[in-house]
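Novice: Sharing a structure, written as structure tokens. Questions coming.
Protein chains: 2
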Amino acid sequence: MQINPAEHTTTTRTALVVVAHPRPDSLTAHIARLAARRLTAAGYRIDLLDLHAEGFDPRMTVADLPDWGNREKTYSLEVENQMRRILAADIVVAVFPVYWVQVPAILKGWIDRVWNYGFAYGRSKPRLAGKRALWLGLAGAADDDGVVDLMRQSLSMQLDDGVAYYCGLAQSSVGLLPGAEEKPQRVDADGNLLLDETLTGAARDTHYADLEGRAIRFVDDFLAGDRVSAVAVTDRVG
Amino acid sequence: MQINPAEHTTTTRTALVVVAHPRPDSLTAHIARLAARRLTAAGYRIDLLDLHAEGFDPRMTVADLPDWGNREKTYSLEVENQMRRILAADIVVAVFPVYWVQVPAILKGWIDRVWNYGFAYGRSKPRLAGKRALWLGLAGAADDDGVVDLMRQSLSMQLDDGVAYYCGLAQSSVGLLPGAEEKPQRVDADGNLLLDETLTGAARDTHYADLEGRAIRFVDDFLAGDRVSAVAVTDRVG
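Residue numbers (the working numbering), protein chains in the order written: chain C, 1062 to 1299; chain V, 1062 to 1299.
Rendered as structure tokens:
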């Protein structure tokens, strides 16, 4: 019986890769696979959570409403299973389309229901403290459109200043990937949505190779952030 | 046969009241009923949309992904029905709990799926132009907690600068109602969640009467905003 040494050392780390798009052949799913390959190459074990494929229901249930009088509350089975996957992960990498300058409902519901009181926050020693998160959002807006800044601000407020801060994560980064649609979108001064010409041929290939490159750089920079911290700690110990 | 005159004049306006809480006995549902009564008194016909009770699914489907090449695309039956209700409304009043400084997933999904390309935006003459929206969010944070500002900013960015701006709404207001939980919540400098003492007795009654008062003022101010516009137009014509 062959043993995969990576799976049997205590130093192997786990990345929970969360995908939030209904089409398995979407650019979002493609970028998630690309990120997973990069993480595997860096030595991570991958736990792939395809929210649509697994049938995750983002609607809050009565069972999953926080009980402010009881931090030890048991949540629904679906949510407790998701909590275990987050606990088992060292890093969370979520890949999603940006809808209305924010995460899509299915990902919002995963956060609403699973990153819940008593588990993710509300303890003096947060259970998720030290974990790290990368949020990769694909947007149809053209790279140079003004709405891209609004998206970045809005996502960072929600994910970095909201979720990561409350839960004591060691790092939280938003990586925004505009230009995801074949017809790049922009908004004029009156708020009208304008569509650029559809990308075709070599221009299209170059465009998407560039987008893939940016996604990989977000993953690499995120991983380097951890190595820098580790080196810094070693230096101090030395 | 008695005829309700309000329902048979062309001047009767419709308010779509959207509720986004799983419990019908929640404070959110209570505030929604209060708002509906106030709107009825002001002459509005109410279309009550209880997203949980109607079983609305916030998960984006392949059928409802926008087709950027076709603004006349037909969406799913569920979504087309929701579009008709928005078209029939003069104002939209959404009442929801604030989760993670944002709207809950079920309301986000209603926006993601229904306020879609070709219907809500992406036309030179927006179909929803001139409609008005009030977003009433109930938050567990104590009134004086710093996170309240973050919630207000984050919601306004998403709903006013995002949805309302793209869709050409005539007005969009966020009414934030902190102090909704019986144990008011605050976050200390280290990001720990602290719970105040549970409200009881007369203090509890006063607290919730005040919250109801603030909700009613948000509705009244929103309605007054419209009357001011109408008067201003009349003055100019006169």
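Here a beta-carbon is modelled for each residue, glycine too, at the ideal position from N, C-alpha and C.
1) Any beta carbon from chain V within less than 8 angstroms of I1167/C's own beta carbon?
2) Taking the alpha helix (DSSP H) that Q1214/C falls in, what are its first and last residues?
3) Using a cut-off of 7 angstroms between C-beta atoms, extract the partners of R1193/C located in chain V.
4) My output table needs one value for T1075/V: the three-state DSSP class, helix, strand or coil.
5) Mind listing the chain C neighbours of I1172/V? Cutoff is C-beta to C-beta under 7 angstroms, in chain order.
6) Is the segment 1180-1192 of chain C touching the segment 1135-1150 of chain C, taking contact as three or more C-beta pairs under 8 angstroms?
7) Closest to A1114/V by CA distance: which of T1122/V, A1124/V and V1079/V is it?
8) Contact defined as beta carbons within less than 8 angstroms: I believe A1194/C pairs with V1153/C. What is the distance between those atoms, to the nearest angstrom?
9) If I measure Cβ to Cβ from E1139/C and keep anything under 6 angstroms in the same chain, skipping five residues before and after, which residues do I get?
10) Against N1142/V, what residues of chain C qualify as contacts under a CB-to-CB distance less than 8 angstroms, listed in chain order?
11) Per DSSP, what kind of secondary structure is R1275/C in: helix, strand or coil?
12) Identify, in the order they occur along the chain, each residue of the same chain with its Cβ nearer than 6 angstroms to the Cβ of V1162/C, setting aside the five sequence neighbours on each side.
13) With DSSP run on the structure shown, which of helix, strand or coil describes G1170/C?
14) Taking just the CA atoms, how far does Y1136/V sit from D1205/V?
15) Excluding the five sequence neighbours on either side, which residues of its own chain have a C-beta within less than 8 angstroms of the C-beta of D1257/C, listed in chain order?
16) Secondary structure at A1285/C, three-state DSSP: helix, strand or coil?
17) Assuming contact is defined by CB atoms lying nearer than 8 angstroms, are A1200/V and A1241/V in contact in what I supplied?
18) Excluding the 5 residues preceding and the 5 following K1169/V in the sequence, name in chain order all residues of the same chain whose CB lies nearer than 6 angstroms to its CB.
19) Run the CB neighbour count on V1123/V, radius 10 Å, all protein chains shown included, and call it buried at 16 or more, exposed below.
20) On the DSSP letters alone, give me the boundaries of the beta strand (DSSP E) that R1106/V sits inside.
21) When the Cβ atoms of the segment 1226-1242 of chain V are set against those of the segment 1263-1279 of chain V, are three or more pairs found closer than 8 angstroms?
22) Could you check which residue in Y1226/C, Q1219/C, W1196/C and T1259/C has the C-alpha nearest to that of D1282/C?
23) Pop quiz: L1077/V and L1110/V are said to be a contact at Cβ under 8 angstroms. What is the actual Cβ separation, rounded to whole angstroms?
24) Kindly identify the DSSP beta-bridge partner or partners of W1196/C.
25) Closer than 7 angstroms, Cβ to Cβ, to anything on chain C: give me those residues from the segment 1079-1110 of chain V, in chain order.
26) Taking the straight line between their C-alpha atoms, what separation do you get for P1165/V and T1072/V?
27) Using 8 angstroms for Cβ pairs, my map puts R1074/V next to D1151/V. What's the rounded Cβ distance?
28) Measure the alpha-carbon distance for G1198/C versus L1284/V and round it to whole angstroms.
29) For my contact list, V1280/C and L1100/C are in at a C-beta cut-off of 8 angstroms; report their separation, rounded to the angstrom.
30) With a cut-off of 8 angstroms on the beta carbons, I'd call R1174/V and D1125/V a contact; round off their distance for me.
31) Counting only the same chain and skipping the five closest in sequence on each side, list residues whose C-beta sits under 7 angstroms from that of P1066/V.
Specialist: Short version:
1) yes
2) V1208 to S1217
3) Ordered by position in chain V, no residue passes the 7 angstroms Cβ test against R1193/C, which lies about 16 angstroms from the chain.
4) Under the three-state reduction of DSSP output, T1075/V falls in the strand class.
5) At a C-beta separation below 7 angstroms, I1172/V has these neighbours in chain C: W1161.
6) yes
7) V1079/V
8) 5 angstroms
9) none
10) Near N1142/V there are no residues of chain C at all, since even the closest Cβ is about 18 angstroms away, more than 8 angstroms.
11) helix
12) L1211, M1212 and S1215
13) Note: G1170/C maps to helix in three-state DSSP.
14) Going by the C-alpha atoms only, they are around 44 angstroms apart.
15) A1203, K1244, P1245, Q1246 and R1247
16) helix
17) yes
18) The beta carbon of K1169/V sits closer than 6 angstroms to none of the beta carbons in its chain outside the five residues before and after it.
19) exposed
20) Y1105 to D1111
21) yes
22) W1196/C
23) Contact annotation, L1077/V with L1110/V: C-beta distance approximately 6 angstroms; criterion of less than 8 angstroms satisfied.
24) W1196/C is bridged to A1155/C and V1235/C.
25) P1083 and R1084
26) If you take the alpha carbons of P1165/V and T1072/V, they lie about 34 angstroms apart.
27) 4 angstroms
28) 37 angstroms
29) 7 angstroms
30) About 5 angstroms separates the CB atoms of R1174/V and D1125/V; that is less than 8 angstroms, so the two are in contact.
31) Because the pLDDT at P1066/V is just 47, under 50, the model does not fix this residue reliably, and the value given afterwards should be weighed accordingly. Around P1066/V: no qualifying Cβ.
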